[in-house]
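First residue of the sequence shown? That's 1 in UniProt numbering, and the numbers climb one at a time after it.
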Amino acid sequence: MATSLGSNTYNRQNWEDSDFPILCQTCLGENPYIRMICARPFTVFRWCPGVRMRFKKTEVCQTCSKMKNVCQTCLLDLEYGLPIQVRDTGLSVKDEVPRSDVNKEYYTQNMEREIANSDGTRPVGLLGKAPSSSDMLLKLARTTPYYKRNRPHICSFWVKGECKRGEECPYRHEKPTDPDDPLADQNIKDRFYGINDPVANKLLMRATTMPRLDIPEDKSITTLYIGGLGEDVTDSELRNHFYQFGEIRTITIVQRQQCAFIQFATRQGAETAAEKSFNKLIINGRRLNVKWGRSQAARGKEREKDGVTESGIRLEPVPGLPGALPPPPVSDEDASTNYFNLAPTSSSAVMNLGLPPPPGVAMPPPPGFGPPMFHTMDPMVPPMPPPMAMRPPGQVHYPSQDPQRMGAHASRHGGP
1 MATSLGSNTY NRQNWEDSDF PILCQTCLGE NPYIRMICAR PFTVFRWCPG VRMRFKKTEV
61 CQTCSKMKNV CQTCLLDLEY GLPIQVRDTG LSVKDEVPRS DVNKEYYTQN MEREIANSDG
121 TRPVGLLGKA PSSSDMLLKL ARTTPYYKRN RPHICSFWVK GECKRGEECP YRHEKPTDPD
181 DPLADQNIKD RFYGINDPVA NKLLMRATTM PRLDIPEDKS ITTLYIGGLG EDVTDSELRN
241 HFYQFGEIRT ITIVQRQQCA FIQFATRQGA ETAAEKSFNK LIINGRRLNV KWGRSQAARG
301 KEREKDGVTE SGIRLEPVPG LPGALPPPPV SDEDASTNYF NLAPTSSSAV MNLGLPPPPG
361 VAMPPPPGFG PPMFHTMDPM VPPMPPPMAM RPPGQVHYPS QDPQRMGAHA SRHGGP
């Protein structure tokens, strides 16, 4: 129930008397002529942030806004643009605002006294004692105004197909979001206390999936890899940035690969440089990639595993190489006449598949065909060589591939 300022009440001295609310850039709007529309001391301010935008109003008093360092309307942090739950998690701050009316009034009076004794540029309470920044908050910060947040709500009559205003309707004619989406159920009270905020939970989940630089277990590694140098970054610029973390032993720049290797004298200096520079190193307008170097032993094992030579050339696997090395053909004579690299076999199915006879010699018919005189072999016809069968797959093609026959030909031909 609103009370007039002219009435004489007991707690009149604790009333808020201000000329302008505490707002963020987004809630204030993009229209510069809307900033000083209110000149009277209201506890609740109401304004339109722009054309075809919904009217907005303050949700909390200025004391609560200063305690939390948040916007009076959207309750997002004024410095990072993040929900209170994300901000407190990044700064390791625990909410201490009481919930009961009596304790809340007493706590608010103490905070007002502390705010009056401060310069007004820094937050009070535990938030003022917390670290000034956090790597997670800097990565998740949303400082650019997002004016789409000021758009009107969705027209419920249009969703049901009953809106008759057309273009004059002050609400949006769009399809609503999925009701099962957690972002569809947001509570301004939970956002102020930093509990059960679906937007904060989504941002915290994104923070857990962000890339991070793991410290290697090998304590002898004191080298950092700096990638993406380009042609503008020089040795002196790298040294000017990394000397603050510890003594630098060597800096090696590889122009062909556009990278550099910085070796520190101590492991502590390398760890500090990696922590302070990962995803934050910008030199001459270029964002550089920072990683840990690898030891020579680990690098050699990875290259052997991946098939990469010491010079960095990747070797393609040779197709058709056998897994084992079976023995090659028995003699040189057989190898000289074996044009198709076939192995001998005693199979009866291929006994009659020999080589063709010499010119002028007639082949006898198979047994059981023709007169009996042809059943006997002519003594003048030379015997047929044993037939060849197809060699099983996976055998070698060269005698030199057999380790058991190394030097066998040399010893045979070199004898007397």
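All residues carry an ideal CB built from backbone N, CA and C; glycine is no exception.
Remember, it's a predicted structure, so these values are computed and weren't measured experimentally.
If you follow the beta strand (DSSP E) that residue i is part of, which residue opens it and which one closes it?
| i | result |
| --- | --- |
| residue 225 | 223 to 227 |
| residue 290 | 289 to 292 |
Any idea which residues DSSP pairs residue i with across the strands?
| i | result |
| --- | --- |
| residue 417 | In the structure as shown, the chain starts at 1 and stops at 416, and residue 417 therefore has no counterpart that could be examined. |
| residue 254 | 259 |
| residue 47 | 56 |
| residue 286 | 283 |
| residue 154 | 172 |
| residue 70 | 77 |
Please identify the residue among the options whose C-alpha is closest to the C-alpha of residue i.
| i | options | result |
| --- | --- | --- |
| residue 184 | 154, 204 and 166 | 154 |
| residue 98 | 213, 91, 108 and 89 | 108 |
| residue 148 | 25, 86, 278 and 267 | 25 |
| residue 283 | 263, 91, 94 and 241 | 241 |
| residue 44 | 60, 52, 53 and 55 | 60 |
| residue 215 | 182, 188, 66 and 291 | 291 |
| residue 144 | 27, 295 and 190 | 27 |
| residue 116 | 169, 62 and 208 | 62 |
| residue 176 | 55, 189 and 159 | 159 |
| residue 88 | 130, 217, 110 and 281 | 130 |
| residue 161 | 173, 168 and 239 | 173 |
| residue 252 | 233, 152, 268 and 266 | 233 |
| residue 419 | 105, 203 and 190 | A question about residue 419 goes unanswered here, because the residues of the chain that appear run from 1 up to 416. |
| residue 231 | 91, 76 and 285 | 285 |
| residue 77 | 201, 23, 151 and 104 | 23 |
| residue 207 | 256, 135 and 187 | 135 |
| residue 132 | 142, 80, 156 and 254 | 80 |
| residue 74 | 280, 278, 279 and 188 | 188 |
| residue 205 | 140, 293 and 47 | 140 |
| residue 212 | 90, 128, 278 and 250 | 278 |
| residue 255 | 51, 237, 239 and 228 | 228 |
| residue 50 | 268, 281, 209 and 151 | 151 |
| residue 268 | 209, 238, 287 and 220 | 220 |
| residue 192 | 71, 53, 180 and 52 | 71 |
| residue 91 | 163, 128, 111 and 217 | 128 |
| residue 58 | 266, 21 and 94 | 21 |
Can you name the start and end residues of the alpha helix (DSSP H) that residue i belongs to?
| i | result |
| --- | --- |
| residue 208 | 198 to 208 |
| residue 106 | 101 to 117 |
| residue 86 | 84 to 91 |
| residue 235 | 235 to 242 |
| residue 166 | Looking at the DSSP string, residue 166 is not in any alpha helix (DSSP H), and its letter there is neither H nor E. |
| residue 188 | 188 to 193 |
| residue 135 | 135 to 140 |
| residue 129 | 126 to 129 |
| residue 27 | 25 to 28 |
Could you check if residue i belongs to the surroundings of the ligand ATP, using beta carbon to heavy atom distance under 7 Å?
| i | result |
| --- | --- |
| residue 63 | Summarising the ligand content, the structure contains no ligands, and the ligand ATP is consequently not present. |
Quiz prompt | Inter-stretch contact at 8 Å, needing at least 3 Cβ pairs: the segment 255 to 264 / the segment 217 to 226 | solution = yes
Quiz item: Do the segment 76 to 94 and the segment 188 to 202 meet, that is, are 3 or more Cβ pairs less than 8 Å apart?
Solution: yes
Self-check item: Inter-stretch contact at 8 Å, needing at least 3 Cβ pairs: the segment 109 to 124 / the segment 54 to 68
Solution: yes
Self-check item: Contact between the segment 229 to 246 and the segment 268 to 277 (3+ Cβ pairs under 8 Å)
Solution: yes
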